[in-house]
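Beneath this line is the structure, given in structure tokens, with notes to follow.
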Amino acid sequence: MAVDIAAAEIVDLARTPLRDLNQRLHDLAGTADGPRSWRIVNPSGMHNIACGLDADVDVVIEGHAGYYCAGMNKLARVRVTGNAGQGLAENMMSGRVTVDGNASQAAGATAHGGLIHIRGDASARCGISLKGAAIVVEGSVGHMSAFMAQTGVIIVLGDAGEALGDSMYETHIYVRGTAAGLGADVVEKELRDFHRGEVGGLLADAGITGVDVSDLRRYGSARQLYNFKIDNTY
Amino acid sequence: MCGIVGLFCKSDAIADHLGDHLSRMLVQMNDRGPDSAGVAVYRDPAPAGSCKLTLQHEDPGYDFETLAAGLARAFGGEADVTRRATHAVLVVAADAADAQAYVRAHHPEVRVMSVGSVIEIYKETGLPSAFAERFSLGDIRGTHALGHTRMATESRVTTLGSHPFSTGLDVCLVHNGSLSNHNDLRRKLRREGIEFHTENDTEVAAGYLTWRLREGDSLHDALMHCLDDLDGFYTFAIGTADGFAVFRDPIACKPAVMAETDDWVAMSSEFRAIAVLPGAENARIWEPAPATPYIWEGARV
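Chain order of the listed sequences is A and B.
Take the first sequence: its letters are residues 1 to 234, numbered as in the working numbering.
Take the second sequence: its letters are residues 1 to 301, numbered as in the working numbering.
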């Protein structure tokens, strides 16, 4: 995802209202007109930066982003060079979101497609209710990550917090380190060739090398909560 | 929403500019809490045998000197007054509980913000950035501090409904979240002799901690008891005479991020408030786990 820095459209959020920036980015949808490469400077932890994009463009946010950065993203490649706040790439449909630092709670919540790549740690509820996107976290994830996750893939190269995958459906969860605890109905499953291929492909896509995919453990649903059981009632 | 910031100094370089750092952190939390703002700063210990009170009156011209003279007559010695906008810090040669009882009995028009030997609490309604300027936070030196910006959900926007809440000598609490069993708990705590001055839920959490600490709990144990008795959601930051603590409920949906360098430990609702600190780019950064007390002590007060 090389970005032609020299040719990039530069927007300084210390001078430009955020709504103006987001409107300009929205205006790129469905047209080949307008800059294809953007640099956003002085983001200063503002919320809702580069939300709702629907165009094949590169956006680099130089610094820290606040809540819901790149939320609902479609097609665009968005990179945050610092840390990102809650709800990173929430409900993303496609494209790619990269964070060089850490991401706060609920990164990739309900995301349907595309790749979310976090180079640092993600905190609580990473990939909550995931609906098909791939999330690659090079560091660790916090408690209740992949809570009720439905489909898609979560790869964690560090550790996972308590209650990993609680009440999950068919998301594939891979952890290289240790999980502090597994959520309800989560079990470790065999890592077969298909899964090694799946992990290897996503790591390659994220540009991550030097990982032996056989070091990862796979977790999934025991599928015991799928059907009503009278014993589960209170 | 609400915003919380906390800063614990590990070096003189940071302590010398505590108020300036605190002020810049607080302003980053403007949008999270435009209704009111407040800070607790720990500094300038009162001499042995004396105590320190922070008092507030809505009229910045209020005659705190006469009040101080009354305290001096009642307890002996001199009562020193330092004004800061609508607040005044009084150092009195008396036991803290006695001095507080005197003020409440003789000057019901004055609000007692904090009592102890090192704590000072300042809080008012209005935008946090305006508060920081009005109270000249920038010139404050000290060892550690907490700040809060409030977006009111649970009770009225008033000075007394603002955070931090004093929870006993040199202890205070700021809160992001809301409690749903505060009416019931307030009634129970009143039977234990805990006083309340507002209908605010956070004041009940503060009173709860006061009660647990009075019953002999360590700060760690008092916080763990919150898990049993507080119904609701919360990220707490607690200031003590020589440190601060951070505690989140078991679900931990209210945000909190922490960072540490050789010079400081900081917490905030969002990283943007930590990013303004010197050396933040190389800090160790993490989000506190749920139901786990994080406590820093040993400030060089």
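Think of the CB as a built atom: it goes at the ideal place given N, C-alpha and C, for glycine as much as any other residue.
Computed from a predicted model, the values in this text were never measured in an experiment.
{"query": "Considering Cα atoms alone, identify which of B:133, B:291 and B:100 is closest to residue 233 (chain B).", "result": "B:291"}
{"query": "So residue 142 (chain A) contacts chain B; which residues on that side make the cut at Cβ distance below 8 Å?", "result": "287 and 289"}
{"query": "Per the contact definition of three or more C-beta pairs closer than 8 Å, is the stretch 97 to 112 of chain B in contact with the stretch 55 to 62 of chain B?", "result": "yes"}
{"query": "Would you report the Cα separation of residue 1 (chain A) and residue 77 (chain A), rounded to the nearest angstrom?", "result": "With a pLDDT of 48 at residue 1 (chain A), under the threshold of 50, the modelled position of that residue is not reliable, and the figure given next carries that caveat. Each residue's Cα considered, the two are about 8 Å apart."}
{"query": "Return the residue from the list A:34, A:201, A:117 and A:12 that minimises the CA-CA distance to residue 40 (chain A).", "result": "A:12"}
{"query": "Find out if the Cβ-Cβ distance for the pair residue 259 (chain B), residue 266 (chain B) is shorter than 8 Å.", "result": "yes"}
{"query": "Please report the residue range of the alpha helix (DSSP H) in which residue 48 (chain A) lies.", "result": "No alpha helix (DSSP H) holds residue 48 (chain A); DSSP gives it neither H nor E."}
{"query": "Counting only runs of 3+ residues fully inside the stretch 99 to 134 of chain B, write out the beta strand (DSSP E) ranges in chain order.", "result": "111 to 116 and 119 to 125"}
{"query": "Would you say residue 255 (chain B) lies against chain A (beta-carbon separation less than 8 Å)?", "result": "yes"}
{"query": "Taking CB distances under 8 Å as the criterion, tell me whether residue 161 (chain A) reaches chain B.", "result": "yes"}
{"query": "Could you check where the alpha helix (DSSP H) with residue 159 (chain B) kicks off and where it finishes?", "result": "That residue, residue 159 (chain B), is in no alpha helix (DSSP H); it is neither H nor E in DSSP."}
{"query": "If the cut is a Cβ gap below 8 Å, which residues of chain A does residue 260 (chain B) touch?", "result": "None at all; the shortest Cβ gap to chain A is about 14 Å."}
{"query": "Tell me the DSSP secondary structure of residue 15 (chain A) in three-state form.", "result": "coil"}
{"query": "Mind checking if residue 124 (chain A) is an interface residue toward chain B, Cβ cutoff 8 Å exclusive?", "result": "yes"}
{"query": "Using alpha carbons as the reference points, say which of B:155, B:246 and B:166 lies closest to residue 178 (chain B).", "result": "B:155"}
{"query": "Please confirm whether residue 271 (chain B) has its beta-carbon closer than 8 Å to some beta-carbon of chain A.", "result": "yes"}
{"query": "Any beta carbon from chain B within less than 8 Å of residue 145 (chain A)'s own beta carbon?", "result": "no"}
{"query": "Taking the alpha carbon of residue 196 (chain A) as the reference point, which residue from A:179, A:180 and A:214 has its own alpha carbon closest?", "result": "A:214"}
{"query": "Below 8 Å between beta carbons: does that hold for residue 149 (chain B) and residue 2 (chain B)?", "result": "yes"}
{"query": "Indicate the three-state DSSP secondary structure (helix, strand or coil) for residue 105 (chain A) in the structure shown.", "result": "coil"}
{"query": "Straight-line CA distance for residue 229 (chain B) to residue 213 (chain B)?", "result": "15 Å"}
{"query": "Quick one: what does DSSP say residue 228 (chain A) is sitting in, helix, strand or coil?", "result": "coil"}
{"query": "Could you name the residues of the same chain whose beta carbon sits closer than 7 Å to that of residue 236 (chain A), not counting the 5 residues immediately before and after it, in chain order?", "result": "With chain A running from 1 to 234 in the structure shown, residue 236 (chain A) is simply not present."}
{"query": "What are the residues in the stretch 64 to 81 of chain A lying within 7 Å of chain B by C-beta distance?", "result": "64 and 66"}
{"query": "Taking the C-alpha atoms as reference points, what is the distance between residue 117 (chain A) and residue 99 (chain A)?", "result": "6 Å"}
{"query": "Helix or strand or just coil, what does DSSP make of residue 82 (chain B)?", "result": "strand"}
{"query": "Assess, as a yes-or-no matter, whether the stretch 31 to 44 of chain B is touched by the stretch 110 to 123 of chain B under the definition of 3 or more beta carbon pairs within less than 8 Å.", "result": "yes"}
{"query": "Using the rule of at least 16 other Cβ atoms within 10 Å of the residue's Cβ for burial, across every protein chain shown, is residue 364 (chain B) buried or exposed?", "result": "Nothing in the structure corresponds to residue 364 (chain B), since chain B is present only between 1 and 301."}
{"query": "Please list, in chain order, the chain B residues whose beta carbon lies closer than 7 Å to that of residue 42 (chain A).", "result": "Within chain B, no residue comes near residue 42 (chain A); the closest Cβ sits about 12 Å away, beyond 7 Å."}
{"query": "Using 8 Å as the limit for Cβ to Cβ distance, is residue 86 (chain A) near chain B?", "result": "yes"}
{"query": "Reducing DSSP to helix, strand and coil, say where residue 186 (chain A) ends up.", "result": "strand"}
{"query": "Under a CB-based cut-off of 8 Å, is residue 237 (chain B) close to chain A?", "result": "no"}
{"query": "Would you mind sorting residue 224 (chain A) into buried or exposed? The rule is 16 or more other CB atoms within 10 Å of its CB.", "result": "exposed"}
{"query": "Specify whether the stretch 10 to 21 of chain B and the stretch 130 to 147 of chain B touch according to this definition: at least 3 beta carbon pairs, one from each stretch, less than 8 Å apart.", "result": "yes"}
{"query": "Would you mind listing the beta strand (DSSP E) stretches within the stretch 74 to 149 of chain A that are 3+ residues and don't spill past its ends, in chain order?", "result": "77 to 80, 96 to 99, 115 to 118 and 131 to 137"}
{"query": "Assuming contact is defined by CB atoms lying nearer than 8 Å, are residue 207 (chain B) and residue 189 (chain B) in contact in what I supplied?", "result": "yes"}
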